[in-house]
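Okay, so here's the structure we're looking at.
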Amino acid sequence: MNMEPFDLVIANGQIVTAADTYTADIGVRGEKIACIGRGLRGRRTIDASGCLVIPGAVDVHVHLQMPLGDITSSDDWRSGTMAAAHGGTTSIVDFVDPLPGQPPLQALEERLAEAEGQACIDYGLHMVLSDVSGKTLAQLSRMIDVGIPTFKLFMAYEGKCLTDDQLYLALREIARLGALALIHAENYPIIRLFVRELLAEGKTEPRWHPRSRPAIMEGEATGRLIALAEMAGAHACIAHISCAAVVCQIRAARARGLPIYGETCPQYLVLTQDVYERPDFEGARYVCSPPLRAEEDQAALWKALADGTLQVISTDHCPWWWQDKERGRGDFSRIPGGVPGIETRLSLTYHFGVRAGRLTPQQWVNLCCTRPAELFGLPGKGKIQVGADADIVIFDPERVMPLTAERLHSQVDYSIYEDITVRGWPRATISRGRVLVEDGRFIGLVGHGRFIRRRLV
Ligand SMILES: [Zn+2]
């Protein structure tokens, strides 16, 4: 046995994994967890008494510096990953979205060049599939070879929305390659119709946004996608689930043994559609798609997380400057969709999940860290285990944090949780053995983050 002191020891914390909870020390050598035991000696020791020690959180759905027409989502690779680290997230998966006609590998090179030297935490990429011509499908195996085994398919948005036959063709190829589809499931023709009708009636404020995208049609699109995936034999994860109608579809599919998975996000668990009624265009802050829903939907989502129907909590982090949100004054359909959330996920789900008795601490870790890493193929991430990456969060269950824009670190001029104060916040965030954030101060290195070559197991 190597008797040298460890590079770092996290002592006396209560370790929470997806399976159990116990008190022990963690010894780190280099970038890896080398030992879990008692009385470990380190060159540096952090006393984690009174804290939970959990795997660095894994957020498999974020949009940093995402272009939309002539604007770009406001967090860049640097600010977004720094905010993530403050909130206890040590791995993210963003997207590479080829321009029309652009070879996917070229789009990947450009996206990697943006992240290089800027990312503070490790990152993977999904590939958006908005062109399902044979030429593009023929390149998917190459993407898998370079570490991108997950593909995003859209059933909404102009220029991205696929028809049923296109969805089927993509899913068939994804199945053949043993890859995973991530789906935005809504019924776009109905949304387009409702938007047109509402605007024609002079209903232009943010409060009409949820009316244009009914929950029942999110459920319908999910059911249709599940049928297509079943025919194709594909594994599919439904993204950013907002409502009970989708939960029902996923529960039924899984009961039949289909490899269908579901992801939801804190905004759907914590906020309801009432916020769209706020005066002075404030509702625009909360415009995201699918929209926030009713209290009954929230209850269905919490229950589905606790009973295993849904596997993943991620953020769909996609912040916009307020001046960009303002473009939708007079036409709610022109409000750029997306909300900030990359920093607040662990704490919101601890406060409203674990503290409120809706999730056990193990379920919380499983949904925010372990299961996303397994399902989306991040090797060595999301677990406290000898040999795993030393991505560790020391989480103080008593630390109080108001979720105001002023206190948070995203590059955006408002918060969607302005009136919420959580109890439970990271005391330190460690990525591959390096302390990135300690007591609210970023002490990591910009550019520390590496591209994760993912592979599904
Ligand atoms: Zn998204």
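In the numbering used here, the protein residues as written are 69 to 525. Heads up, the beta-carbon is just placed ideally off N, CA and C, and yes, glycines get one too.
(message) My parser needs the beta strand (DSSP E) runs of 3 or more residues fully inside the region 409–493; what are they?
(response) For the region 409–493, the continuous beta strand (DSSP E) assignments of 3+ residues that do not extend past its boundaries occur at 460–470, in sequence order.
(request) Give the DSSP-derived three-state secondary structure of R353 in the structure shown. (result) Three-state DSSP puts R353 in a helix.
(request) Quick one: measure Cβ to Cβ for G445 and R523, integer angstroms, because I've assumed they're closer than 8 angstroms. (result) The C-beta separation of G445 from R523 comes to about 5 angstroms, placing the pair in contact by the 8 angstroms criterion.
(message) Let me check you understand the geometry: is the CB of D143 closer than 6 angstroms to at least one non-hydrogen atom of ligand 1?
(response) False, no ligand heavy atom lies under 6 angstroms from that Cβ.
(message) Is D199 a contact residue of ligand 1, with contact defined as CB to any heavy atom under 6 angstroms?
(response) At a cut-off of 6 angstroms, the beta-carbon of D199 does not count as near ligand 1: no heavy atom of the ligand is closer than that.
(message) Taking 6 angstroms as the limit between beta carbons, can you name the residues of its chain near T438, skipping five residues before and five after?
(response) Cβ contact annotation for T438 (same chain, cutoff 6 angstroms, sequence separation greater than five): A86, G450 and K451, in chain order.
(message) Here's a check: name, in chain order, each residue in its chain whose Cβ is nearer than 6 angstroms to the Cβ of V84, leaving out the five neighbours to either side.
(response) Take V84, set aside five residues on each side of it, and the residues of its chain with a beta-carbon closer than 6 angstroms to its own are L120, I122, P429 and V433, in chain order.
(message) Please tell me whether, using a cut-off of 6 angstroms, the distance from the CB of D93 to the nearest non-hydrogen atom of ligand 1 is below it.
(response) It does not: the Cβ of D93 is nowhere closer than 6 angstroms to a heavy atom of ligand 1.
(message) Considering Cα atoms alone, identify which of R353, D464 and G501 is closest to S483.
(response) That would be R353, whose Cα lies nearest to the Cα of S483.
(message) If I measure Cβ to Cβ from L306 and keep anything under 6 angstroms in the same chain, skipping five residues before and after, which residues do I get?
(response) Looking at the sequence shown, residue 306 is not Leu but Ile. Here the set comprises I251, A253, T290 and G330.
(message) Let me check understanding here. Comparing Cα to Cα, which of P358, D457 and P470 lies closest to A283?
(response) Closest option to A283, Cα to Cα, is P358.
(request) State the Cα-Cα distance for the pair L261 and A362, rounded to the nearest angstrom. (result) Spanning the two alpha carbons is a distance of roughly 23 angstroms.
(message) Any heavy atom of ligand 1 closer than 6 angstroms to the beta-carbon of D88?
(response) It does not: the Cβ of D88 is nowhere closer than 6 angstroms to a heavy atom of ligand 1.
(request) Let me know the secondary structure DSSP gives K100 once reduced to three states. (result) DSSP places K100 in strand when its eight states are reduced to three.
(message) Using a Cβ-based criterion (distance less than 6 angstroms to any ligand heavy atom), does A384 qualify as near ligand 1?
(response) Per the sequence presented here, residue 384 reads as Asp, with Ala not at that position. Shortest gap from the CB of D384 to any heavy atom of ligand 1: under 6 angstroms.
(message) Mapping the DSSP letters down to three states, classify Y344 as helix, strand or coil.
(response) Secondary structure of Y344 (DSSP, three-state): helix.
(message) DSSP three-state label for K271, please.
(response) In the three-state reduction of the DSSP assignment, K271 falls in the coil class.
(request) Ignoring anything shorter than 4 residues or poking outside the region 129–174, list the alpha helix (DSSP H) runs there in chain order. (result) Inside the region 129–174, DSSP marks whole alpha helix (DSSP H) runs of 4 or more residues at positions 145–154, from first to last along the chain.
(request) Quick one: give me the first and last residue of the alpha helix (DSSP H) that D233 is part of. (result) Taken as a continuous stretch (DSSP letters only), the alpha helix (DSSP H) holding D233 covers D232 to R244.
(request) Please name the residue in V315, P408 and F420 whose C-alpha comes closest to that of D375. (result) Scanning V315, P408 and F420 for the CA closest to the CA of D375 turns up V315.
(request) Would you check if there are 3 or more beta carbon pairs closer than 8 angstroms linking the region 403–418 to the region 477–493? (result) Verdict: yes, contact present.
(request) May I ask you to list the residues that DSSP assigns as paired with H385? (result) Answer by DSSP bridge pairing, in chain order: V130 and V407.
(message) So, does the region 493–513 touch the region 99–115, judging by three or more C-beta pairs under 8 angstroms?
(response) The region 493–513 is in contact with the region 99–115.
(request) Please classify M71: does DSSP put it in a helix, a strand, or coil? (result) In the three-state reduction of the DSSP assignment, M71 falls in the coil class, being assigned neither a helical nor a strand state.
(request) Excluding the 5 residues preceding and the 5 following L245 in the sequence, name in chain order all residues of the same chain whose CB lies nearer than 7 angstroms to its CB. (result) Taken in chain order, the residues that qualify are L208, S209 and I212.
(message) Between which residues of its own chain and T489 is the CB-CB distance below 8 angstroms, once the five residues before and five after are set aside?
(response) Excluding residues within five positions, the ones whose Cβ falls inside 8 angstroms are V468, M469, P470 and L471.
(message) Using a Cβ-Cβ cutoff of less than 6 angstroms, which residues in the same chain neighbour V407 once the five nearest sequence positions on both sides are dropped?
(response) Here the set comprises Q335, C356 and I484.
(message) I'd like to know whether the C-beta atoms of T218 and H194 end up nearer to each other than 7 angstroms.
(response) Going by beta carbons, T218 and H194 fall inside the 7 angstroms limit.
(message) So, for V338: in the same chain, excluding its five sequence neighbours on each side, which residues have a beta-carbon less than 6 angstroms away from its beta-carbon?
(response) Short of 6 angstroms from the beta carbon of V338, and not among the five residues preceding or following it, lie these beta carbons of its own chain, in chain order: L416 and F420.
(message) So Q341 and P278 are supposed to be a Cβ contact under 8 angstroms. How far apart are they, rounded?
(response) About 5 angstroms separates the Cβ atoms of Q341 and P278, confirming a contact at the 8 angstroms cut-off.
(request) Tell me whether the beta-carbon of A243 lies closer than 7 angstroms to the beta-carbon of L221. (result) Against a cut-off of 7 angstroms, the Cβ pair of L221 and A243 comes out as no contact.
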